[in-house]
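Comments concern the structure below.
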Amino acid sequence: MEPHTALQPALLAHKARSNSGPTVAQRWRVTQNSAKTREKRPIPPLDDARLNEMALRYVGRYATTRAKLAAYLHRKLRERGWAGDRPADPEAIVARMAELRYVDDAGFAVMKGAALGRRGYGARRIGEALRAAGVEEPDRAEAEDEAASGKWATAQAFARRKRIGPFAREPADRDIREKQIAAFLRAGHDFATARAWVNAEPGEMPEEG
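Residue 121 in this note's numbering sits at position 120 of the sequence shown, with consecutive numbering throughout.
Next up, the structure:
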């Protein structure tokens with residue numbers, strides 16, 4: 002066999018690779034260069050229109066409160082800067098959203114309180130969650146009243162979820178019951194309610210006190 006004949010398969014393979022388009026490494030470099038170009042592109046600072054658009058997108062996506070919306074807008078201002086003709090006024094945007102009922106702290110409180118109650122959280126934990134969300138006392142009133150009046154039902158939901166008392170497979174010993182009472186207290190229930198559910202035997206519902 003002639004030497005050049007032996008090399009023909011290798012040459013054909015090389016030509017096939019050359020004609021098959023960019024290699025994986027070449028495509029990776031192009032992708033990386035494009036990503037770097039995007040990273041270097043400056044993000045424009047905010048103005049009245051952009052800040053208002055951000056607020057609208059936020060309230061359209063999340064159930065929120067005035068305090069949380071204001072915190073979001075202030076954070077975006079710190080990140081992006083300001084290029085408006087007048088000083089930024091996120092509080093005015095928040096007030097307008099509340100006036101249009103896009104933000105409703107009282108409604109948020111009722112919805113949040115009901116959701117936490119279904120998960121078995123008591124009135125104290127519900128109040129803490131609403132305060133953490135920035136809901137002021139007048140807007141918390143209805144939600145907190147509902148949590149207080151429904152404390153037995155939420156305690157039952159907690160006992161069922163944690164398989165405590167009537168929902169347990171077998172009676173708990175003293176150490177376990179102490180831990181269960183502590184869990185009830187952390188969930189926002191009062192001691193008397195916690196003890197009633199923890200001391201109930203499996204299959205026997207406690208009487209509401």
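Using N, Cα and C, we set each Cβ at its ideal position, and we do this for glycine too.
Three-state secondary structure assigned by DSSP to residue i
i, result
"Leu47", "strand"
"Glu212", "Past the boundaries of the shown model lies residue 212; the chain is included only from 2 to 210, so the question cannot be answered."
"Ile94", "helix"
"Ala173", "coil"
"Tyr63", "coil"
"Gly189", "coil"
"Pro167", "helix"
"His106", "It should be pointed out that residue 106 corresponds to Asp in this sequence rather than to His. Asp106 falls in the helix class under three-state DSSP."
"Glu202", "coil"
"Arg115", "A small fix is needed here, since residue 115 is Ala in this sequence, not Arg. The answer is helix: DSSP assigns Ala115 an H, G or I state."
According to DSSP, residues forming a beta bridge with residue i
i, result
"Trp83", "Leu47"
Neighbourhood of residue i by C-beta, 7 Å cutoff - its chain only, sequence neighbours within 5 removed
i, result
"Ala173", "Gln181"
"Glu209", "Trp153"
"Ala195", "Ile182, Phe185, Leu186"
"Leu117", "Arg126, Ile127, Ala130"
Cutoff 8 Å; reference residue i; Cβ partners in own chain excluding five residues on either side
i, result
"Asn200", "Gly166, Arg178, Pro207"
"Val60", "Leu70, Met98, Tyr103, Val104"
Beta-carbon contacts of residue i that lie in its chain and below 6 Å, excluding the five residues immediately before and after
i, result
"Asp49", "Gly85"
"Phe168", "Ala160, Arg161"
| message | Does the segment 118-131 come into contact with the segment 149-159, if we say contact requires no fewer than three beta-carbon pairs (one atom in each stretch) closer than 8 Å? | response | Contact between the segment 118-131 and the segment 149-159 is present: 3 or more CB-CB pairs across the two stretches fall below 8 Å.
| query | Does the segment 80-98 come close enough to the segment 125-132 that 3 or more CB-CB pairs lie under 8 Å? | reply | A contact between stretches requires three or more CB pairs, one per stretch, nearer than 8 Å, and the segment 125-132 fails this requirement with the segment 80-98.
| query | Can you list, in chain order, the stretches of the alpha helix (DSSP H) that have 4 or more residues and sit fully within the segment 119-154? | reply | Secondary structure within the segment 119-154: the alpha helix (DSSP H) runs of 4 or more consecutive residues, fully enclosed, are 124-133, 138-150 (chain order).
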